[in-house]
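Numbering-wise (the working numbering), the sequence shown opens with residue 186 and increments by one. Note that beta-carbon positions come from the ideal geometry of N, C-alpha and C, so glycine has one too.
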Amino acid sequence: MATATPTPGRGLIDPANHMLILIDFQSQMSFATRSIDAVALRNNAALISQAAAGFQVPAILTTVAEKSFSGPMFSEITEAFGGQAMLDRTSMNTWEDAAVIARVNEIGRSRIVLAGLWTGVCIVGPALSALEQGFEVYVIADACGDVSEEAHERAMQRMIQAGARPMTSLQYLLELQRDWARGETYEMTTGIAKKFGGAYGLGIIYAKSMFGVSEGH
């Protein structure tokens, strides 16, 4: 018979057990994205970027043909990471770029969280490649987009069937915090949620403004 203990499951992410790779959040890629509203996409990209930067998760920011075709990465991302250098590629599959892989190996974590455009090309490629090489892969589904809902959903199913684990942007933030008693990151987490957390964020603002209450109290 199994014995329960108050310890987190190994499958949960925390700031020390993964890296975040943000792929091709660029103007040219977003113009044709139809599976998610552009405002929601930018909001979710900002949410996960602020979360990763705030919790000091190592992140790789990569673009494709930035100068010649696709344009700069979303400012919501670059501003969160304080001017961190972009790794520009020619390959659609990020995992085939030597500079990106050198950085992956330098970070040295076997769990990878992916988000970007498009789901069916620029996320499927590194997800399947990393899984085959023994990495654990998580995909933030609502911080990805594709040219149609069908393209996005088929890509998500393909990655899940291969062993990738889906999650959402707000889930990513709250899983990093996980315990409201962690006072050192409480204000940061609720601040990100209030700004980018949609109805949940509005609820935090209301509760604090009207009743002066906090999560966990």
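Secondary structure, beta strand (DSSP E): runs of 3+ residues fully inside the segment 229-285: As far as the segment 229-285 is concerned, its whole beta strand (DSSP E) runs of at least 3 residues are 244-249 and 272-274.
Rounded separation between Q213 and F254 - CA only: By one-based count along the sequence shown, residue 213 stands at place 28. By one-based count along the sequence shown, residue 254 stands at place 69. Roughly 7 Å between the two C-alpha positions.
In angstroms, rounded to a whole number, what distance separates the CA positions of A231 and M186? What you label residue 231 is simply residue 46 of the sequence shown in a count that begins at 1. What you label residue 186 is simply residue 1 of the sequence shown in a count that begins at 1. Between A231 and M186, the C-alpha separation is close to 44 Å.
Going by DSSP, name the residue or residues bridged to G376. Locating residue 376 in the sequence shown gives position 191, where the first residue counts as 1. For G376, which the question treats as bridged, DSSP gives no partner whatsoever.
For I345, which residues in the same chain have their Cβ closer than 8 Å to its Cβ, ignoring the five residues on either side in sequence? For this step, residue 345 is matched to residue 160 along the sequence shown. The residues are P351.
Please check if any C-beta of chain C sits within less than 8 Å of the C-beta of A392. The structure shown contains no chain C, having only a single protein chain.
Going by the CB atoms, is the gap between L299 and I208 shorter than 8 Å? As a working note, residue 208 is residue 23 in the sequence shown. As a working note, residue 299 is residue 114 in the sequence shown. Cβ atoms of I208 and L299: closer than 8 Å.
Exposed or buried, P191, counting other C-beta atoms within 10 Å across all chains shown (16 or more means buried)? Within the sequence shown, residue 191 is the residue found at index 6, counting from 1. Per the 10 Å Cβ criterion, exposed.
For M373, which residues from the same chain have a beta carbon less than 7 Å from its beta carbon, with the 5 sequence-adjacent residues on both sides left out? To locate residue 373, count along the sequence shown from 1; it is residue 188. Answer for M373: G239, listed in chain order.
With contact counted as at least three CB pairs below 8 Å, one residue from each stretch, are the segment 268-286 and the segment 389-397 in contact? no
What's the C-alpha gap between V322 and S295? The count along the sequence shown starts at 1 and reaches residue 322 at position 137. The count along the sequence shown starts at 1 and reaches residue 295 at position 110. Between V322 and S295, the C-alpha separation is close to 9 Å.
According to DSSP, is V332 helix, strand or coil? Here residue 332 refers to the residue found at position 147 of the sequence shown. V332 falls in the coil class under three-state DSSP.
Taking only three categories from DSSP, how would you classify M204? Taking the first residue of the sequence shown as 1, we reach residue 204 at position 19. Residue state, collapsed to three classes: strand.
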